[in-house]
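So the protein lines, in turn, are chains A and W. Numbering-wise (the working numbering), the first sequence opens with residue 1 and increments by one. Numbering-wise (the working numbering), the second sequence opens with residue 1001 and increments by one. Where a beta carbon is used, it is the ideal one built from N, C-alpha and C, also for glycine. None of the values given here were measured: they were computed from a predicted structure. Notes to accompany the following structure.
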Amino acid sequence: SQQGEEDPQALSIQEGENATMNCSYKTSINNLQWYRQNSGRGLVHLILIRSNEREKHSGRLRVTLDTSKKSSSLLITASRAADTASYFCATDSGGGADGLTFGKGTHLIIQP
Amino acid sequence: NAGVMQNPRHLVRRRGQEARLRCSPMKGHSHVYWYRQLPEEGLKFMVYLQKENIIDESGMPKERFSAEFPKEGPSILRIQQVVRGDSAAYFCASSQGGNSPLHFGNGTRLTVT
């Protein structure tokens, strides 16, 4: 079953606006990561938040984690056309040896 | 400082042929992961390897698929007797292990005709 599920599936906003994407997961985690994928390319790691952290910032990115609700959000402030991509959350299962489990992603389109 | 290198970038095979996908991890990384991605879908974990060892192959189909990461050379994902349903993008990622982030290659797009 899907561990991480992003919401919404697709999001289209105007350049300069903020974009918020959400991720829900089912089992306990050690950490949660967000990745970006441009069309036809591999995934690029954006940010990792540990289970004992509630919020983390990196440039225009802000990630929150609520382990009681098993959910995370990714906020991109002051969006740019170059932010157009698919965004995936990924969780570890806590076992350490397994690969990350990815959701289906949110496809973000920034209208110039 | 090259990142994760995958080749070929595109691979076309007829049904019944074999597909071999190669992945060279980032320098200093000894952990390799293979994922499969269908259009408009997320990545599905297939297998996790360290040098000469398969650590977790729980996502790998039981038949026709195999993976290796030899002491020397790249990691290989091998698909025997390919079928149309094998058409997908296959991504390799490497890491230093533990909870360190994964670094992805640009994938191999396999098309089975």
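Once DSSP output is grouped into helix, strand and coil, what is the label at aspartate 7(A)?
Here aspartate 7(A) sits in strand by DSSP.
Nearest by alpha-carbon distance to cysteine 23(A): which of Leu74(A), Arg62(A), Asn30(A) is it?
Looking at the Cα atoms, Leu74(A) is the closest of the given residues.
Report the three-state DSSP secondary structure of aspartate 83(A) (helix, strand or coil).
Here aspartate 83(A) carries a helix assignment [DSSP, helix/strand/coil].
Which residue wins for smallest C-alpha separation from arginine 62(A), given the options Asn52(A), Gly42(A), Ala78(A)?
Sorting Asn52(A), Gly42(A), Ala78(A) by C-alpha distance to the C-alpha of arginine 62(A) places Ala78(A) at the top.
Which value, in whole angstroms, describes the spacing of the CA atoms of serine 1037(W) and leucine 1102(W)?
In the sequence under discussion, the amino acid at residue 1037(W) is glutamine, which differs from the serine named in the question. Taking C-alpha positions only, glutamine 1037(W) is separated from leucine 1102(W) by approximately 16 angstroms.
Can a CB atom of chain A be found closer than 8 angstroms to the CB of tyrosine 1090(W)?
Contact of tyrosine 1090(W) with chain A is not assigned, every C-beta pair being separated by 8 angstroms or more.
Spatial distance of isoleucine 1055(W) from glycine 99(A) (CA atoms):
Distance between the alpha carbons of isoleucine 1055(W) and glycine 99(A) is about 10 angstroms.
Element boundaries [beta strand (DSSP E), containing isoleucine 29(A)]:
Note, isoleucine 29(A): premise wrong, no beta strand (DSSP E); not H, not E.
Cβ of arginine 41(A) less than 8 angstroms from any chain W Cβ?
Interface criterion met: the Cβ of arginine 41(A) is under 8 angstroms from a Cβ in chain W.
Name the chain A residues whose beta carbon is nearer than 7 angstroms to that of proline 1101(W)?
Going along chain A in sequence order, the residues near proline 1101(W) (Cβ under 7 angstroms) are Gln33, His45, Leu48.
Phenylalanine 1091(W) vs glycine 42(A) beta-carbon contact at 8 angstroms:
Contact annotation: phenylalanine 1091(W) and glycine 42(A) have beta-carbon atoms nearer than 8 angstroms.
Is aspartate 92(A) close to chain W, meaning its C-beta is less than 8 angstroms from at least one C-beta of that chain?
With 8 angstroms as the cut-off, aspartate 92(A) counts as an interface residue toward chain W.
Note down the Cα distance separating histidine 1010(W) from glutamate 1057(W), rounded to an integer number of angstroms.
Cα to Cα, histidine 1010(W) sits roughly 24 angstroms from glutamate 1057(W).
Taking beta-carbon pairs under 8 angstroms, can you tell me which members of the segment 57-83 of chain A lie near chain W?
The residues in question: there are none.
Reducing DSSP to helix, strand and coil, say where threonine 92(A) ends up.
Looking at the sequence itself, residue 92(A) is aspartate, so the reference to threonine does not match. Looking at aspartate 92(A) - three-state DSSP - the assignment turns out to be coil, as it is neither helix nor strand.
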